[in-house]
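Below: one structure, written as structure tokens.
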Amino acid sequence: MFCPLNSKRESIYGGVVITESGTHDKVVGLVYIAAFAPDKGESVGTLIADPPPGAPVPPILPPQDGFLFLDREKFAASFAADVPNKLASFMADAQVPWGLDALNGAVSDPAWRSKPSWYLIATDDHMIPPPAQRAMSERAGATVTEVAGSHAIYVSQPGAVAEFIGQAARS
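Position 138 of the sequence shown, counting from 1, maps to 1490 under this note's numbering, and the rest follow consecutively.
What follows is the structure, encoded as structure tokens:
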């Protein structure tokens, strides 16, 4: 899931956005959906820098004009393995580029340290390995639910995701 960052067409992952901006006094809780939940000083780049042996590695292509994309040919298998082929192909073609600064932007004050959090782990995720999702959700003290699905679980399992968000909202 991507969130717009600025007018330069840079974007960063939604988990980083809520981790940093969630400290605002109007935010009452954080909901992570198969997302990064970085700690102080961590970025997406540091979190993916040293994967354990055998862990899936996101198929990030070398930068082009300062932006990153996922390899279109590997997109479905890594990002949307449980999404119908036609839709996964569309998603690959419709990728929003993300800037190198977004990859390396470190969190300064993780909101999960002071706000309650919920985390939906996608157990078949090939972008953020489920063990990494479990570790991040555990250190955040999140209320956790696990659902079988890819990184695009919000597309493949919208009912489960909506129910999870509803549970968090009612808490």
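Note that CB positions come from ideal geometry on N, CA and C, so glycine has one too.
Near residue 1426, what residues of its chain come up, given a Cβ to Cβ distance below 8 Å and the 5 sequence neighbours on each side ignored?
Its chain contains 1411 as the residues whose beta carbon lies nearer than 8 Å to that of residue 1426, once the 5 sequence neighbours on both sides are disregarded; these appear in chain order.
Can you find the residues in the same chain that come closer than 6 Å, C-beta to C-beta, to residue 1391, ignoring five residues on each side of it along the sequence?
So the qualifying residues of the chain are 1462.
According to DSSP, residue 1469 sits in a beta bridge with which residue or residues?
Per DSSP, 1382.
Which ranges does the beta strand (DSSP E) cover as unbroken runs of at least 3 residues, wholly within the region 1434-1497, from first to last along the chain?
Here the runs fully enclosed are 1469-1474.
Taking 8 Å as the cut-off, does the region 1393-1405 touch the region 1511-1518 (at least 3 CB pairs, one atom from each stretch)?
Here the region 1511-1518 does not lie against the region 1393-1405, with fewer than 3 beta-carbon pairs under 8 Å apart.
Tell me whether the beta-carbon of residue 1464 lies closer than 9 Å to the beta-carbon of residue 1444.
Residue 1464 places its beta carbon 9 Å or farther from that of residue 1444.
Start and end residues, alpha helix (DSSP H) containing residue 1501:
That residue, residue 1501, is in no alpha helix (DSSP H); it is neither H nor E in DSSP.
At which residues does the alpha helix (DSSP H) containing residue 1401 begin and terminate?
Neither: residue 1401 is in no alpha helix (DSSP H) and is coded neither H nor E.
Which residues share a DSSP beta bridge with residue 1419?
According to DSSP, residue 1419 bridges with 1416 and 1451.
Give me the Cα-Cα distance between residue 1435 and residue 1504, rounded to the nearest whole angstrom.
Roughly 8 Å separates the two Cα atoms.
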